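A short write-up of the structure that comes next.
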Amino acid sequence: MNLGLETLAVRIERHCQNALEVATFLNDTSDIQAVYYLGLKTDRYHERMKKYTPEGASGVISFDIAGGKERAIKFMDALKLASNVVHVADIRTCVLYPASETHRQLTDEQLKDAGITPGLIRLSIGLEDIEDIIEDIRQAFDASRA
Numbered sequence: 001m002n003l004g005l006e007t008l009a010v011r012i013e014r015h016c017q018n019a020l021e022v023a024t025f026l027n028d029t030s031d032i033q034a035v036y037y038l039g040l041k042t043d044r045y046h047e048r049m050k051k052y053t054p055e056g057a058s059g060v061i062s063f064d065i066a067g068g069k070e071r072a073i074k075f076m077d078a079l080k081l082a083s084n085v086v087h088v089a090d091i092r093t094c095v096l097y098p099a100s101e102t103h104r105q106l107t108d109e110q111l112k113d114a115g116i117t118p119g120l121i122r123l124s125i126g127l128e129d130i131e132d133i134i135e136d137i138r139q140a141f142d143a144s145r146a
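In terms of the working numbering, the sequence shown is residues 1 to 146.
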């Protein structure tokens, strides 16, 4: 059996727990215009998530930062713990900018139709200590305001 599969259930539980805490933090942050995370009770698909994945939503969060692309890039560049990579589900927290990474082939109109705004950032939450993750996000918000 693959060694990664042996610990998958434990890792997924931690991804989901950490992601819910980060999403809750983001949801209460004035720098954010919207948080997209099924684990939040305010998410329009939350009831479906509880039905189909009762153990947790996922480790991936998307959010719109106020200030558009310039602020999003500034925020991402200021992160110290999170790595800027184009994949998800790593044990380390990762960040990406969908408009120029995963969806770079789309036109501006197609991006808009897909809900990919200039301020959209995607976080794949890792297994690090939750306080370290939140502090990294907090300091990146502070740095991106300057």
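In this text, a Cβ means the ideal position worked out from N, Cα and C, and glycines have one as well.
As the structure is a computational prediction, the values presented were derived from the model and not from experiment.
Practice prompt. Tell me whether Gly4 is buried or exposed, calling it buried when 16 or more other Cβ atoms sit within 10 Å of its Cβ.
Written response: On the sequence shown, residue 4 is found 4 positions in, with the first residue counted as 1. Its Cβ having fewer than 16 others within 10 Å, Gly4 is exposed.
Worksheet item: Which residues does DSSP pair with Ser36 in a beta bridge?
Response: To locate residue 36, count along the sequence shown from 1; it is residue 36. Strictly speaking, residue 36 in this sequence is Tyr, with Ser absent from that position. In DSSP, Tyr36 forms a bridge with Ser62.
Worksheet item: Cβ of Ala23 within 9 Å of Cβ of Leu40?
Response: Here residue 23 refers to the residue found at position 23 when the sequence shown is read from its first residue. Here residue 40 refers to the residue found at position 40 when the sequence shown is read from its first residue. Taking 9 Å as the Cβ cut-off, Ala23 and Leu40 qualify as a contacting pair.
Worksheet entry | Nearest-angstrom Cβ-Cβ length linking Ile125 and Phe25, presumed shorter than 8 Å | Start at 1 with the first residue of the sequence shown, and residue 125 comes out as number 125. Start at 1 with the first residue of the sequence shown, and residue 25 comes out as number 25. No, Ile125 and Phe25 are not in contact; Cβ-Cβ is about 11 Å, not under 8 Å.
Discussion item. DSSP three-state label for Arg48, please.
Written reply: Here residue 48 corresponds to residue number 48 of the sequence shown, with the count starting at 1. Three-state DSSP puts Arg48 in a helix.
Discussion item. Under 8 Å, with one C-beta from each stretch per pair, do the region 108-115 and the region 41-60 reach the 3-pair mark?
Written reply: no
Worksheet item: With a Cβ-Cβ cutoff of 9 Å, do Tyr37 and Ile61 count as a contact?
Response: Residue numbering aside, residue 37 sits at position 37 when the sequence shown is read from its first letter. Residue numbering aside, residue 61 sits at position 61 when the sequence shown is read from its first letter. The answer is yes: Cβ separation under 9 Å.
Practice prompt. With a cut-off of 8 Å on the beta carbons, I'd call Asp77 and Gly119 a contact; round off their distance for me.
Written response: Residue numbering aside, residue 77 sits at position 77 when the sequence shown is read from its first letter. Residue numbering aside, residue 119 sits at position 119 when the sequence shown is read from its first letter. With a Cβ gap of about 15 Å, Asp77 and Gly119 do not count as contacting.
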